[in-house]
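In the UniProt record's numbering, the protein residues as written are 1 to 347.
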């Protein structure tokens, strides 16, 4: 007689974890196996199920990703525990940033067109948020987008720092990106609170911070992506970010040149004009300037979409440290005696 197989032999908890990680990393769709036999991905879980530690791990994972379809010879996906893409890691931040920022541009434009405050054919973004009630929505949504922008930029800074802990040049470049990103996000808040028809000079200054410094931030992140490929991520993400950088630069240059030409043709009063007649002098240049501005805005926002996949692989935690058991004022001599007191907890 052959030797009886021990039910728990040949696999430990570490091996169980490794096998579960391998199987759960496989695609969720499985092909029918020939002759009704089970596929390699699923039979690989059998030793895990035979081990007590393996069964416990599978139980915590929601019973595993697959189950055998009786009579069909096919394993079907049972993703009880799998999260949505925007729930993975911190990918919520860039997703919410792009959605909120896009809505803050589109909704005021739609309201302005319906109320005949702006022309249907591509007005300036600032014109769409210059008149009430749309400017109220424009302001509050952009302020919220500014906060999301700062959060997204900070997470990116921490991620790059963690991936390159011993590269001084990369760390300096990363810190520069953090400063540029925060300044650019602050510019969004300035644009939101100083409307074009209220304080024009401050509004333009905020727009410069948002897009001018913002494009510099994209440049820094593109350089960081170049230095991190192919060891940390693939070359494709670098080329996507590089293409976005080029398009932002072209759009910004087109907007600046066309605005300068418009000022020469129609004078400075053209910058405050809400409605344009196609027969007016400088109308074509005005359309080029506005199209360039909208192109710059949405291309700039699309850059943060490239962070979603990266942010699915990072999580940040806050830790609280108490230097005493209460919040009463303690004399200095008591503090010296109680320096060893440290109560920690995580949030």
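Even for Gly, the Cβ is constructed at its ideal location relative to N, Cα and C.
Near residue 248, which residues of its chain fall below 7 Å by C-beta distance, leaving aside the five closest residues on each side in sequence? 215, 218, 296, 299, 300
Whole-angstrom distance between residue 319 and residue 131, CA atom to CA atom: 45 Å
Quick check on residue 327: buried or exposed, where buried means 16 or more other Cβ atoms within 10 Å of its Cβ? Residue environment for residue 327: exposed (fewer than 16 other C-beta atoms within 10 angstroms of its C-beta).
Quick one: Cα of residue 157 to Cα of residue 204, how far? 28 Å
Residue of 265, 230, 324 minimising C-alpha distance to residue 284: Per the C-alpha coordinates, the member of 265, 230, 324 positioned closest to residue 284 is 265.
I need the boundaries of the beta strand (DSSP E) containing residue 322, first residue and last residue. Counting along the chain, the beta strand (DSSP E) containing residue 322 begins and ends at 319-322.
Less than 8 Å between the CB atoms is what I'm expecting for residue 311 and residue 94, so what's the real figure, rounded? A Cβ-Cβ separation of about 6 Å places residue 311 in contact with residue 94 under the 8 Å criterion.
What is the DSSP secondary structure of residue 154, reduced to helix, strand or coil? helix
From residue 153 to residue 244, what does the alpha carbon distance come to, in whole angstroms? 17 Å
For residue 120, is the classification buried or exposed, using 16 other Cβ atoms within 10 angstroms of its Cβ as the cut-off for buried? exposed
Below 7 Å CB to CB, which residues in the same chain sit around residue 182 once its five sequence neighbours on both sides are set aside? 150, 153
Is the beta carbon of residue 308 less than 8 Å from the beta carbon of residue 155? no
Does the Cβ of residue 123 have 16 or more other Cβ atoms within 10 Å, making it buried, or fewer, making it exposed? Classification for residue 123: buried.
What's the C-alpha gap between residue 255 and residue 321? About 50 Å.
Do you know how far the Cα of residue 294 is from the Cα of residue 212? 15 Å
Measuring straight from C-alpha to C-alpha, what distance separates residue 230 and residue 196? 45 Å
Residue 280 to residue 288, Cα distance in whole Å? For residue 280 and residue 288, the distance between alpha carbons rounds to 14 Å.
Work out the CA separation of residue 274 and residue 268 for me, nearest whole Å. 13 Å
From what residue to what residue does the alpha helix (DSSP H) around residue 256 run? 235-266
For residue 61, which of helix, strand or coil comes out of DSSP? Interpretation of residue 61 is limited by its pLDDT of 49, a score under 50 that renders its predicted location unreliable; no figure is taken from the coordinates.
Residue 189 versus residue 98: straight-line alpha-carbon distance, rounded: 15 Å
What are the start and end residues of each continuous alpha helix (DSSP H) run of 4 or more residues lying completely inside the segment 152-220, in chain order? 168-193, 200-207
Can you give me the C-alpha to C-alpha distance between residue 142 and residue 278, rounded to a whole angstrom? 31 Å
Hey, residue 220 and residue 176 are a contact pair by Cβ (cut 8 Å); roughly how many whole angstroms apart? 6 Å
Going by DSSP in three states, residue 279 sits in which element: helix, strand or coil? coil
Between the CA atoms of residue 258 and residue 304 - distance to the nearest angstrom: 27 Å
What first and last residue would you give for the alpha helix (DSSP H) that runs through residue 129? That residue, residue 129, is in no alpha helix (DSSP H); it is neither H nor E in DSSP.
Nearest-angstrom Cα distance between residue 133 and residue 116? 12 Å
Beta-carbon within less than 6 Å of residue 270's beta-carbon, same chain only, minus the 5 sequence neighbours each way: which residues are those? 262
Is residue 191 closer than 8 Å to residue 210 when the C-beta atoms are compared? Residue 191 is positioned such that its CB atom lies closer than 8 Å to that of residue 210.
Mind reading off the beta-carbon distance from residue 163 to residue 232? Whole number of angstroms is fine, and I expect it under 8 Å. 6 Å
Would you please state the rounded distance, in angstroms, between the beta carbons of residue 224 and residue 291? I believe it to be under 8 Å. No, residue 224 and residue 291 are not in contact; Cβ-Cβ is about 31 Å, not under 8 Å.
Quick one: what's got a C-beta closer than 6 Å to residue 222's C-beta in the same chain, skipping five residues either side? 241, 242, 245
With a threshold of 7 Å on Cβ separation, who are the neighbours of residue 125 within its own chain once the five nearest residues in sequence on each side are excluded? 105, 293, 294, 297
Given residue 148 as reference, the closest of 92, 276, 208, 272 once Cα atoms are compared: For the options 92, 276, 208, 272, the alpha carbon positioned closest to that of residue 148 is the one of 92.
Do residue 145 and residue 101 have their C-beta atoms within less than 8 Å of each other? yes
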